[in-house]
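Taking UniProt numbering, I'd label the letters of the sequence shown as residues 1 to 1134. Glycine included, each C-beta is placed from N, C-alpha and C at the ideal position. Computed from a predicted structure; not experimentally measured. What follows is one structure encoded as structure tokens, with my remarks underneath.
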Amino acid sequence: MCYLVIRKQRTTYTMAARYASSSVLFLCILYSVSCFNLEPRIPVIKYGEAGSYFGFSVAEHITFNQDGSQTSWLLVGAPLDQNLQPNTTKSGALWKCSLSPDTNDCEQIITDGKRTEYGTINTTLDSDHLSGPYSDEIKEGQWLGVTVRSQGPGKKAVVCAHRYIRKIGQLQFGQGLCYTFKNTLQLHEITEPCRGRPITREHEEYGFCQVGTSSTLLDDETLILGSPGPYAWRGTIFAQDMTDEMFARDNVVYSAPVTDGASPVEKYSYLGMSVAGGMFFGNKSSYVAGAPRAQGTGQVVIFNKKDTADWGRTDLDILRFTLILKGEQFGSSFGYEVAVADVNGDGLPDLLVGAPFYFSRDAGGAVYLYLNKNQNLTKKFDLKLTGKQESQFGISIANASDLNKDGCQDIAIGSPYEGNGVVYIYMGNRRTGLNSIPDQVISAESLPIVLKTFGYSLSGGIDLDANGYPDLLVGAYENSSVALIRTRPIIDIKTSIRPSNTIINIDPTKQGCERDPSSKYTCFHFQACCTIESLVKSTKTNALKLNYVIEAETFLGGKRYSRVFLDTEKTNIVKKSIVLDKEIEDCREHIVYIKNNTRDIQTPIKFQVTYKLENVEPQYSPSGTLPNIDDYPVLNATAMTTFSAHFLNDCGTDAICVSNLIVNPVLQLPKTSDGKSYALTLGQEEEIKLSITVDNYGESAYESQLFVQHHSSLHYIAANISDKNVICTSVNKTIVSCMLENPFKKQPESAAPITMRFDARALEDNEPSVVFTVWANSTSKELHSGKKPVQVEALVIKNAELLIKGAARPEQVFYGGDIKGESAMTYFDDVGTRVVHTYQVFNEGPWRVSSVQVVILWPHQVASENAQGKWLLYPEDVPTVDGEADQSNGECFITEKEINPLNLTSRPGTFEPYLENLEINPFMSTGKISVNSYEKQQNQSKVVELSTAKENKVRRKRDSDVVKAEAYTDKDGQRKHVVNMSCQKKTAKCIQFQCVIYRLSRAQATTITVKARLWNATLVEDYPRISHVNIASTAFIHIPDHYNIHQSKQHDDTATVETVAYPDLKISEPTEVPLWVIIISVIIGLIVLILLILALWKLGFFKRSRPDPTLSGNLEKNHHESSPFIGRDRNSIR
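Shown next as structure tokens:
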């Protein structure tokens, strides 16, 4: 008949079924944070008929009887129960249950069947004479008990049936009705606010009101009823006066606007799903209504009556809305439940809104808190509380009143589908409104009987067991059960220490005390007294057993070790038990003994006294008498106290010692040349001595200590101390502490200083100086509180003399044979002879060097104007760095493309001698390294087969790639030509090997080895007829500046290694020209000469006329004088 009802039923059944299947998993879990005073172990549990939804709604109620007594009731709605009215089936019922251990003693309250056909109530009818339903109404399935509310102790109650149907002809209209009851739970009135309203358009008017879906009774006698059905489930609320005095009652039924444009919500918003009321905006009541489907997210609308003096207006019964609160998530059903409570104790009502279908990655269900600030609510919530996923946290919210008596009202929130159900208790907080973390978590498993959907309905705020604390009623409709969780009383324990004069001016130099004069220890005594007080005066508590603990100094926040022990137990912790009645003081005496040789005789001795209740475990029973909840009180947070005992001192009348400690450190090291600093030469001074003079120019200093902070690389050895009362120890790697005389007073002038010794051999190389920071302190007050520590510094001087030497192996090599191009190179021996250059770096000391950089300039190509020169010394592999015992203590860095760029390999199956073994230590030899005869023979007799042009592509000789030879005359007078190829002369292209040697100690050496191949083809092609070729590599060492290493000699930081390459005799000697070449050359020359003569003859060269020399004497004379050769020819002719 109504979509809303179907939805609500479906949700209930579906969720119940879902969790029923998994409830077995939770039967073994005892999840309860009983951190405060709601006691779930001895509840009052009541059961209804199975399947009746007994517990769907609950309310706490107290009846004031005529004899002045009071009766507490649990009001329980069962919407599917069988009513006492005849001719009805499962129309719902209202039950009242007493506070007894019996689980089945609930009594149904008469509701239906007392109404006459005129609409009045026949109060004389009892349960045996009730009338059946009239012909114009349908009671079956009306869900009587969907909501139950109590106005408070001695006041009214209300129950509703939102699916109650009234018939008009053949039409049926689900308008709903509510019953109100007197204080005595006698039926008082029937309320049907939708009756008589327009129903022509059925659900688009008031045809399906569903009045009573929610309800509440305010303190001002206003009954608010939620009605989510009118105008296509847009919804509305009704507010009417329920004052007993009929003449004083306002008979107007006020309602929220429902028409388009007037209503604050759109259709299908379900406005009225929840209702509440409070004086949010002054001294007039405001009405809160939830619309969980408004705009998809849900809304809460706050209404007020119109404030006007024009009573002639016709719309005064229409409430005006003053504030709309919007939900933050689509589908969260924001407004499904609302509640009012003063959570921050400011006297103003605050608003709580539930959104049980809110969800996030790790949360399900939410409750929003809106604090009332200066009688105004804002649209922004102040706090959001969330539950676990799919728990429907916030589907029920109850004002639990002030559980802990702190002046702030507390809140209970139901989470019925979290396991079998959980109720969260949040205590009010004057600063934030509510604590963000629950103060108590009550699960269904914490009860002696597990109830399913525990927490679906809640009611609180009323003290049903008269112990001065409000109790909490929880419904679990799936079990058709309810549980009353009663509140335990809170007690305070007031403590005091007596007598006060015995715990001051304790003289540590005297043994014994008033209670134990013969003791060999300094001692004193005190009394620890306590009194039990209840926060609620009416609470009657029996004698209680208390466990108390007295702990000296080692409690949280105190010292690690105690200076005292108590009584004769030789321990600083005493545990005792006492039985105490309320408002009666109990005192216990204890003797405190101070341990011998206690240094701290100034700091007060602190004690902590802690009291705990020793409660008997409560036992639940469904029979007998109800356990007295007052027998199980909880202790307030004030059950702990601390006090101190003070020593006698010689610091004047104010008992405050003001000391003035002075330190003067001096290093036993030579001064630098400027006299301003100390000089520490590493390798010479292996030990540093620091002398410290300590004095006190003020009052006594207690627990005085001297501290020296040093570099972590310096190791403390010991201290030379003449005073036996001073003890020095190393606290950690950088601090040395000395305990001085206690108390420490002004020292005589003859007092010897404290001399500390430190080992400097492990000092790090990158430290330019070492600083000692010296200070002293005590537990006394310092005269100059801002006094800075004294520092003394020593400059670190590090001397290390490094030198580098080099050697070539072999020093002489030969080249020859045929020319072979790069494309034909496959193996290393295709290139030429192996050449090894070795450099040795030696540290003469006196100090070590943490890091040495060695740069090697390697001539890998002949100098050329082009980017690529001819190969010279072809590197085989990355250079190796070897220390003593062939241990690697460094590495070289170079790009991969510069090492073996042709990817050559060793020829398989062949053996090539290791040149490294030519001499055990070449740096010990005075002569040149000889060449192995086998190597020389191999170079001279090597025969290389000619390859095709494709396989053996030889680069064309370029004049720019040939280094010019230099001529010189040797000692035998022979003139020779030599070629020098080196990086310094820029006659070779060089690459750099960047090598690093790590930690080169004094008198240690490290060897760097470079392996390469002499490129035979380059020398054969370009230098076949010269004396020899000198190929040199150069290496130099460098120490980074930040190591601050000093060297007196720099000339031995560079070394050059030279390999001398000689041409093979086959290419250096001149070659004879064959005879046939000479004969052919002569014949060709004669033929060319004959052809030249014939050509000249044909041209008439031999027939030209000659001048007569006799024609002119001058001419002859001139010719004679100017041409002596002609004259010579003439004479020769004559």
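Secondary structure of residue i, DSSP reduced to three states
i	result
ASP346	coil
PHE56	coil
THR603	coil
VAL1077	helix
THR502	helix
ALA477	Residue identity differs from the one stated: residue 477 is Tyr in this sequence, not Ala. Helix at TYR477.
SER396	strand
PRO43	strand
LYS494	strand
PHE381	coil
ASP631	helix
PRO879	coil
PRO748	coil
SER446	helix
ALA262	coil
GLY176	coil
Check whether residue i and residue j have beta carbons under 8 Å apart
i	j	result
ALA398	SER333	no
MET1004	GLU884	Correcting the residue type first, residue 1004 is Gln in the shown sequence and not Met. Yes, they are a contact pair.
CYS983	VAL854	no
ALA807	THR838	yes
ILE42	PRO618	yes
LEU171	VAL211	no
ALA276	VAL338	yes
SER778	TYR702	yes
ASN843	TYR1043	no
GLN240	PRO198	no
PHE36	VAL634	yes
residue 1135	LEU1014	This structure cannot settle anything about residue 1135, because the visible part of the chain is limited to 1 through 1134.
VAL835	VAL862	no
THR841	LEU802	First, the amino acid is wrong: residue 841 is Val here, not Thr. A contact, by the Cβ cut-off of 8 Å.
Residues of its chain near residue i, where Cβ-Cβ distance is below 8 Å and the 5 sequence neighbours each way are ignored
i	result
THR598	PRO508, ARG563
VAL790	VAL663, ASN664, PRO665, THR773, VAL774, TRP775
PHE1036	ILE804, VAL854, VAL855, ASP1053, THR1054, ALA1055
Same chain, Cβ closer than 6 Å to residue i, neighbours up to 5 away in sequence not counted
i	result
GLY113	GLN85, LEU130, SER131
LYS612	ASN547
GLY48	PHE54, ALA78, SER480
THR693	ASN664, PRO753
VAL44	LEU99, LEU484
Same chain only: Cβ atoms within 7 Å of residue i, ignoring 5 sequence neighbours per side
i	result
GLU390	GLY364, TYR417
ILE504	HIS646
TYR697	ASN660, ILE662, LYS746
LEU648	ASN505, ILE506, ASP507
Below-8 Å beta-carbon distance, residue i vs any chain B residue
i	result
CYS530	Of the protein chains in the structure, only one exists, and it is not chain B.
Exercise. Can at least three beta-carbon pairs, one atom from the stretch 366 to 384 and one from the stretch 403 to 410, be found at a separation below 8 Å?
Worked result: no
Exercise. So does the stretch 202 to 217 actually touch the stretch 244 to 256, counting three or more Cβ pairs closer than 8 Å?
Worked result: no
Exercise. Any chance the stretch 230 to 247 sits against the stretch 186 to 204, with 3 or more Cβ pairs inside 8 Å?
Worked result: yes
Problem set entry | Ordered list of beta strand (DSSP E) runs contained in the stretch 1000 to 1060, each at least 3 residues | 1005 to 1014, 1028 to 1038
Exercise. Considering only residues of the stretch 531 to 564, which uninterrupted beta strand (DSSP E) runs meet the minimum length of 3 residues and lie entirely inside it, listed in chain order?
Worked result: 544 to 552
Problem set entry | Contact the stretch 375 to 393 vs the stretch 276 to 293: 3+ CB pairs below 8 Å | yes
Problem set entry | Three CB pairs or more closer than 8 Å across the stretch 589 to 603 and the stretch 562 to 579 | yes
For this session: Enumerate, from N- to C-terminal direction, the unbroken beta strand (DSSP E) stretches of 3 or more residues contained entirely within the stretch 785 to 860.
Result: 790 to 809, 812 to 815, 834 to 846
Problem set entry | Three CB pairs or more closer than 8 Å across the stretch 865 to 884 and the stretch 783 to 798 | no
Exercise. If we count Cβ pairs, one from each stretch, closer than 8 Å, do we get three or more for the stretch 625 to 632 versus the stretch 704 to 714?
Worked result: no
Problem set entry | Residue ranges of each beta strand (DSSP E) within the stretch 662 to 721, 3 or longer | 678 to 682, 687 to 696, 705 to 709, 715 to 720
Exercise. What alpha helix (DSSP H) runs, 4 residues minimum, are completely inside the stretch 292 to 374?
Worked result: none
For this session: For the stretch 487 to 505 and the stretch 55 to 63, state whether three or more C-beta atom pairs, one from each stretch, are separated by less than 8 Å.
Result: no
Exercise. Three or more beta-carbon pairs under 8 Å between the stretch 136 to 145 and the stretch 515 to 528, yes or no?
Worked result: no
Problem set entry | Secondary structure, beta strand (DSSP E): runs of 3+ residues fully inside the stretch 92 to 152 | 93 to 97, 107 to 109, 144 to 150
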